[in-house]
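Engineer:
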């Protein structure tokens, strides 16, 4: 069995929040799918709210407070990421964006990412496609085809047809994430402080061939 | 920039202020390692300079009370962590002259034994009169810091870094064509 680190970033505001609930459901479905593939998941859940002050301070000072650095390390070192946000004003919440604004540009290169969102009505579901997906594409993540949106009406008795629809989407998305996580090992991200680009290389004229 | 300075065998000055020690440590560490890699000499003999920012009053509580409104409205500091948090994580030192001495001597713990120390004295809109008082107070503790740094610096680590004058003399002594004179010595150099 191979250990796979699965990190859930959830930007819900209330406790308990439906965003966290969606994150937990996606995580347990992914854990199940990983185990079926003979992988052992190690899951960590990050509530962005717990780091709200540190995130503002990081943005203003240019460096992370110590506790936040550990959280960022967990995210950029993950084998798979589940990112869930409430939809506010037709997009991810500001708090959610704040977290990913302090992640370095290429730090999520190739990381399989499952995106999810919650909202009061299903009419906002495409915010996942026009706002959340491009954010993770920009960050270099490998964003899963199935994104999971849960509106208020999706939460209910498990035998209700609406919830069955949500369960089906969660299961499909989790299967995609587990497959991407077990498919390949990420190339380690070079530490530019330990392993700097030699100055001769920086001096070399750039050509179209690179 | 650390890599570039190491490549040419130049000294490396790190701003230090506004940054936590762990960041300065890895930047200076990179410079020292690469200085040695490029064959300019051992890592601990590379020439390193650091910045610092201080505000002093004989009584540390007076220093904090007087500096806080400037801190709270400074373009770099305002709106983020408090003065106390910033002073805790970055080189900013607001307190008594003795606290400034101790804090500054502590920089070698993350940067190794280093040669140059520059202080930012007129940040955040401090009035000219206050800045001049601060420079006076700095002038009183610089000789103490020099003595203390000299006392702990291991043998073999350079204590007097190159200046324009010394580099110019070295070059011309080696037969190179004369160079123009540099700027006049700074206040701190003048106190040597």
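Chains as they are written, first to last, in my numbering: chain A, 1 to 210; chain B, 1001 to 1192.
C-beta atoms are modelled at their ideal positions from N, C-alpha and C, and glycine is treated no differently.
1. Could you tell me if residue 1001 of chain B is buried or exposed, where buried requires 16 or more neighbouring beta carbons within 10 angstroms of its beta carbon?
2. Would you call the CB atoms of residue 1012 of chain B and residue 1028 of chain B closer than 8 Å?
3. Is the beta carbon of residue 6 of chain A sitting closer than 8 Å to the one on residue 42 of chain A?
4. Roughly how many whole angstroms lie between the Cα atoms of residue 14 of chain A and residue 206 of chain A?
5. Quick one: does residue 1097 of chain B have its CB under 8 Å from some CB of chain A?
6. Could you pull out every unbroken alpha helix (DSSP H) segment of at least 4 residues lying fully inside the stretch 1119-1181 of chain B, listed in chain order?
7. Between residue 156 of chain A and residue 190 of chain A, what straight-line distance do the alpha-carbon atoms span, to the nearest angstrom?
8. Tell me the DSSP bridge mates of residue 5 of chain A?
9. Please classify residue 47 of chain A: does DSSP put it in a helix, a strand, or coil?
10. What ranges does the beta strand (DSSP E) occupy inside the stretch 39-124 of chain A, keeping only unbroken runs of at least 3 residues that lie completely in it?
11. If the cut-off is 9 Å on Cβ atoms, which residues from the stretch 1074-1087 of chain B count as contacting chain A, listed in chain order?
12. Does the CB of residue 61 of chain A have a neighbour CB from chain B at under 8 Å?
13. Kindly indicate if chain B contains any beta-carbon less than 8 Å away from that of residue 196 of chain A.
14. To the nearest angstrom, report how far apart residue 183 of chain A and residue 174 of chain A are at their CA atoms.
15. Taking just the CA atoms, how far does residue 1078 of chain B sit from residue 1057 of chain B?
16. Can you pull the chain A residues whose beta carbon is under 7 Å from the beta carbon of residue 1007 of chain B, in chain order?
17. Give the straight-line distance between the Cα atoms of residue 1070 of chain B and residue 1015 of chain B, rounded to the nearest whole angstrom.
18. For residue 1138 of chain B, tell me which candidate among B:1122, B:1150 and B:1153 has the shortest Cα-Cα distance.
19. Measure the C-alpha to C-alpha separation of residue 165 of chain A and residue 129 of chain A and round it to an integer number of angstroms.
20. So, helix, strand or coil for residue 1056 of chain B, using DSSP?
21. Which one of A:4, A:90, A:62 and A:80 has the shortest CA to CA distance from residue 136 of chain A?
22. Helix or strand or just coil, what does DSSP make of residue 146 of chain A?
23. How about residue 1100 of chain B and residue 1054 of chain B: are their beta carbons less than 8 Å apart?
24. Would you call the stretch 88-97 of chain A in contact with the stretch 58-78 of chain A, where contact means no fewer than 3 C-beta pairs closer than 8 Å?
25. Determine which residues of the stretch 136-156 of chain A have a Cβ less than 9 Å from any Cβ of chain B, and write them out in chain order.
26. Between residue 1134 of chain B and chain A, is any beta-carbon pair separated by less than 8 Å?
27. Quick check: what's the CA-CA separation for residue 1158 of chain B versus residue 59 of chain A?
28. Is residue 1094 of chain B helix, strand or coil when you go by DSSP?
29. List the residues of chain A that residue 960 of chain B touches, going by C-beta distances under 9 Å, in chain order.
30. For residue 142 of chain A, does the count of other Cβ atoms within 10 angstroms reach 16, so buried, or fall short, so exposed?
31. State the DSSP-derived secondary structure class of residue 25 of chain A, mapped to helix, strand or coil.
32. Among the candidates A:29, A:11, A:150 and A:18, whose CA atom is the shortest distance from the CA of residue 52 of chain A?
33. Can the beta-carbon of residue 1120 of chain B be found closer than 8 Å to that of residue 1049 of chain B?
34. Buried or exposed for residue 105 of chain A, going by 16 or more other Cβ atoms inside 10 Å?
35. I need the DSSP call for residue 1014 of chain B, collapsed to helix, strand or coil.
Structural biologist: By the coordinates alone:
1. By the neighbour-count rule (16 or more Cβ atoms within 10 Å), residue 1001 of chain B is not buried but exposed.
2. At the C-beta level, residue 1012 of chain B and residue 1028 of chain B come within 8 Å of one another.
3. The criterion of a C-beta distance shorter than 8 Å is satisfied by residue 6 of chain A and residue 42 of chain A.
4. Rounded to whole angstroms, the separation of the alpha carbons of residue 206 of chain A and residue 14 of chain A is 51 Å.
5. Not closer than 8 Å to any Cβ of chain A, the Cβ of residue 1097 of chain B fails to qualify, so no.
6. Within the stretch 1119-1181 of chain B, the runs of alpha helix (DSSP H) that reach at least 4 residues and sit entirely inside it are, in chain order, 1128-1152 and 1164-1173.
7. Answer to the nearest angstrom: the Cα atoms are 46 Å apart.
8. According to DSSP, residue 5 of chain A bridges with A:42.
9. Looking at residue 47 of chain A - three-state DSSP - the assignment turns out to be strand.
10. Correct list: 39-47, 80-88 and 112-119.
11. Those residues of the stretch 1074-1087 of chain B that come within reach of chain A (Cβ to Cβ, closer than 9 Å) are 1076, 1077, 1078, 1079, 1080, 1081, 1085 and 1086.
12. Yes, its Cβ sits closer than 8 Å to a Cβ of chain B.
13. Any Cβ of chain B closer than 8 Å to the Cβ of residue 196 of chain A would place that residue at the interface, and such an atom is present.
14. Roughly 14 Å separates the two Cα atoms.
15. Answer to the nearest angstrom: the Cα atoms are 22 Å apart.
16. 199, listed in chain order.
17. Spanning the two alpha carbons is a distance of roughly 20 Å.
18. For the residues B:1122, B:1150 and B:1153, the minimum Cα distance to residue 1138 of chain B belongs to B:1122.
19. The C-alpha of residue 165 of chain A lies about 19 Å from the C-alpha of residue 129 of chain A.
20. Three-state DSSP puts residue 1056 of chain B in a strand.
21. The residue from A:4, A:90, A:62 and A:80 with its alpha-carbon nearest to that of residue 136 of chain A is A:80.
22. Of the three classes helix, strand and coil, the one that applies to residue 146 of chain A here is coil, per DSSP.
23. One thing to note: residue 1100 of chain B has its Cβ within 8 Å of the Cβ of residue 1054 of chain B.
24. With the cut-off at 8 Å, the stretch 88-97 of chain A and the stretch 58-78 of chain A do not touch.
25. Residues: none.
26. No - not a single Cβ of chain A is within 8 Å of the one on residue 1134 of chain B.
27. Their backbone Cα atoms lie some 38 Å apart in a straight line.
28. Residue 1094 of chain B: strand per DSSP, three-state reduction.
29. This structure gives no information on residue 960 of chain B, because the portion of chain B shown stretches from 1001 to 1192.
30. By the Cβ-count criterion, residue 142 of chain A is buried, with 16 or more other Cβ atoms from all chains shown falling within 10 Å of its own Cβ.
31. In this structure, DSSP gives residue 25 of chain A a helical state, which the three-state scheme calls helix.
32. The candidate whose alpha carbon is nearest that of residue 52 of chain A is A:11.
33. It is not a contact, given that the beta carbons lie outside the stated cut-off.
34. Exposed, since its Cβ has fewer than 16 Cβ neighbours within 10 Å.
35. Residue state, collapsed to three classes: strand.
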